[in-house]
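Numbering (our numbering), first residue to last: -16 to 518.
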Ligand code: SF4
Ligand code: SF4
């Protein structure tokens, strides 16, 4: 305000008021004022802010898979030593480039992806209306139409510059092709009125190449194709899915025209002439059927992956409980058993009929197999999953494999798997806890104690590892250390009968019977119903 007053006093004029009532004058009288620009920018910023800041919290609140607190714990990610983490792998990047860089350009034109697929284009087209920097014209224009013929964004440049003295079509990408081809040097990129200030009453009528029915069909096909390929096999990223959907939509609409019109061409190829499909037309039709068929197949696989995921999210039994003994059935509710069976069927279908291996889906299938009692199949699937995964996902598959092998008594194999998990992720403390168990069972007791100690030092609240340490030291006659670890364990053991029962089972497996009995008794004390459970 002070700056406003100073400017007004010194210069005799100042920036117009930034308030809602002033903003209305823009659309009422065509007066672009500071209030209008400020609020337009604020609305755009608000939309972006809602997406960036409100949507993630709403997702955490409503998504059944989000079990953590509404506001997550914040950690420092200002620097990274894994630069490629958020980029697709080379195996994905090559088809990505091929589809978005070549296939979309071939079918939809050089700006096809930007015009029809890119979501940012839609957002920027709104902002473009406010932009004062535009393609503008001088009086040298003689309406030759050269510019319009050159523009690959389908802008009617000669008509727009005649009517508005500038290009107002939001599809203009400021590529300057028109500027460079104008024989009279009549076009330039310059500052002035934004497009929003142009009266709409005399808008230029455009010719549209699609009928309304085709527009609707195109929208439905685009959406269906996008949902079909997005994340299928855990591979296809967002922009690549948009590229695929654009090509599928183009091919579907062209195929429809090929079947329903008498004449049709594509570039220099005559696809249909006199109602008869030509050689090139059959080639086009074959490619179109192949592409759309591949899309439909991806949609079918994606559906099964999605349904499997949904079933996976409905399994609530904590991993520690499910892994307490080889048969996790007693811990599952009837609904969880149903979900495990349904999820298994969906993932098996996706895996049996898919064209590529989806490592993440395989690891979930492995979990369903384990919950359904087929531990051997679960171990096999986790090996396959790990072979197709990287980093965290691979480490987790190897950890679960090691944990299940421990329950099966195959301790040497378990130790190897857990070591591999730790190579992938040093900080996977649960893998250390399990590795301690393998070593203990293999008779390498000092090593087991050292691994458990390391795990507890990294995370003092690991109740099971502290209990294991207490049991180990007690069995080696180190009573003072055992008491200290038992105290630490008690501090972090949740007073939940299920949890005490699970710890009892794990300690019993390790031969730490005395400590195991303490937890069994505590579980019974908390819930007398546990008396009938088999230990
Ligand atoms: S190419 Fe130049 S002269 Fe011809 S219509 Fe376009 S702006 Fe006018
Ligand atoms: S700048 Fe490029 S996109 Fe815009 S009107 Fe000219 S040729 Fe078309």
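Every residue gets a Cβ at the ideal spot worked out from N, C-alpha and C, and that includes glycine.
Nothing here was measured: the structure is a model prediction, and the numbers come from that model.
Alpha-carbon to alpha-carbon, residue 285 and residue 30: Residue mapping note: residue 30 aligns to position 47 of the chain shown, counting from 1. Residue mapping note: residue 285 aligns to position 302 of the chain shown, counting from 1. If I take the Cα positions, the gap works out to 30 Å.
Any idea what DSSP makes of residue 57, helix, strand or coil? Position 74 of the chain shown, counted from the first residue, corresponds to residue 57. DSSP places residue 57 in coil when its eight states are reduced to three.
Where residue 62 and residue 402 are concerned, what is the direct C-alpha to C-alpha distance, given to the nearest angstrom? As a working note, residue 62 is residue 79 in the chain shown. As a working note, residue 402 is residue 419 in the chain shown. If you draw a straight line from the Cα of residue 62 to the Cα of residue 402, it is about 28 Å long.
Counting Cβ pairs, one atom from each stretch, are 3 or more of them under 8 Å apart for the stretch 195 to 215 and the stretch 280 to 297? yes
Report the three-state DSSP secondary structure of residue 394 (helix, strand or coil). Numbered from its first residue, the chain shown carries residue 394 at position 411. Residue state, collapsed to three classes: helix.
Integer Cβ distance of residue 498 from residue 454, believed to fall under 8 Å: By one-based count along the chain shown, residue 498 stands at place 515. By one-based count along the chain shown, residue 454 stands at place 471. Their Cβ separation, rounded to whole angstroms, is 5 Å, which keeps residue 498 and residue 454 in contact under 8 Å.
Round the Cβ separation of residue 84 and residue 229 to the nearest angstrom and send it over; I've been treating them as touching at under 8 Å. As a first step, residue 84 must be located in the chain shown, where it is residue number 101. As a first step, residue 229 must be located in the chain shown, where it is residue number 246. Not quite, the Cβ-Cβ distance comes to about 13 Å (not below 8 Å), so this is no contact.
Host alpha helix (DSSP H) of residue 314 (start-end): What you label residue 314 is simply residue 331 of the chain shown in a count that begins at 1. Here residue 314 belongs to no alpha helix (DSSP H), and DSSP marks it neither H nor E.
With burial defined as no fewer than 16 other Cβ atoms inside 10 Å of the residue's Cβ, what is the status of residue 326: buried or exposed? As a working note, residue 326 is residue 343 in the chain shown. Buried, by the Cβ-count rule.
Using 8 Å as the threshold, is the stretch 336 to 343 in touch with the stretch 416 to 432, meaning 3 or more CB pairs across them? no
Within its chain, find whatever has a CB closer than 6 Å to the CB of residue 475; leave out the 5 residues flanking it on each side and keep chain order. For the purposes of this step, residue 475 is taken as residue 492 along the chain shown, with counting starting at 1. If we look at residue 475 and ignore the five residues flanking it on each side, its Cβ neighbours are 444 and 446.
For residue 439, name the three-state secondary structure that DSSP assigns. As a first step, residue 439 must be located in the chain shown, where it is residue number 456. DSSP places residue 439 in helix when its eight states are reduced to three.
Reduced DSSP secondary structure (H/G/I, E/B, other) of residue 34: Residue 34 sits at position 51 when you count from the first residue of the chain shown. The answer is helix: DSSP assigns residue 34 an H, G or I state.
Closest Cα partner of residue 289 within the set 348, 362 and 414: Here residue 289 refers to the residue found at position 306 of the chain shown. For the residues 348, 362 and 414, the minimum Cα distance to residue 289 belongs to 348.
Is residue 357 a contact residue of ligand 2, with contact defined as CB to any heavy atom under 7 Å? Along the chain shown, one-based indexing puts residue 357 at 374. Checking every heavy atom of ligand 2 against the Cβ of residue 357, none is found closer than 7 Å.
Looking at residue 120 and residue 169, is the spacing between their C-beta atoms short of 8 Å? Taking the first residue of the chain shown as position 1, residue 169 is located at position 186. Taking the first residue of the chain shown as position 1, residue 120 is located at position 137. For residue 169 and residue 120, yes; Cβs fall inside 8 Å.
Assign residue 544 to one of three DSSP states: helix, strand, or coil. The requested residue 544 is not part of the displayed model; the chain covers only -16 to 518.
Rounded separation between residue 241 and residue 257 - CA only: Your numbering for residue 241 matches position 258 in the chain shown. Your numbering for residue 257 matches position 274 in the chain shown. Cα to Cα, the separation comes out at about 12 Å.
The alpha helix (DSSP H) spanning residue 117 covers which residue range? In the chain shown, counting from the first residue as 1, residue 117 sits at position 134. From DSSP, residue 117 is part of no alpha helix (DSSP H) but of the beta strand (DSSP E) over 116 to 120.
With DSSP as the reference, please indicate the residues paired to residue 171 in a beta bridge. By one-based count along the chain shown, residue 171 stands at place 188. Beta bridge pairing from DSSP links residue 171 with 119.
Buried or exposed: where does residue 548 fall if 16 or more other Cβ atoms within 10 Å of its Cβ makes it buried? An answer regarding residue 548 cannot be provided, because it is not within the stretch -16 to 518 covered by the chain.
Which class does residue 182 belong to by DSSP, given the choice of helix, strand or coil? Numbered from 1 along the chain shown, position 199 holds the residue referred to as residue 182. Three-state DSSP puts residue 182 in coil, outside helix and strand.
Ends of the alpha helix (DSSP H) at residue 458? For the purposes of this step, residue 458 is taken as the residue at position 475 of the chain shown. Element bounds for residue 458: 446 to 458.
Go ahead and pull the three-state DSSP assignment for residue 208. Position 225 of the chain shown, counted from the start, is the residue given in the question as residue 208. In the structure shown, residue 208 sits in a helix (DSSP, three-state: H, G or I).
Minimum C-alpha distance to residue 601 - residue among 346, 112, 487 and 35: This structure cannot speak to residue 601, because the chain is shown only from -16 to 518.
Minimum C-alpha distance to residue 114 - residue among 124, 24 and 265: Position 131 of the chain shown holds residue 114. When each option's Cα is compared against that of residue 114, the closest is 24.
Quick check on residue 501: does DSSP put it in helix, strand or coil? On the chain shown, residue 501 is found 518 positions in, with the first residue counted as 1. DSSP places residue 501 in helix when its eight states are reduced to three.
Reducing DSSP to helix, strand and coil, say where residue 159 ends up. For the purposes of this step, residue 159 is taken as the residue at position 176 of the chain shown. Residue 159: coil per DSSP, three-state reduction.
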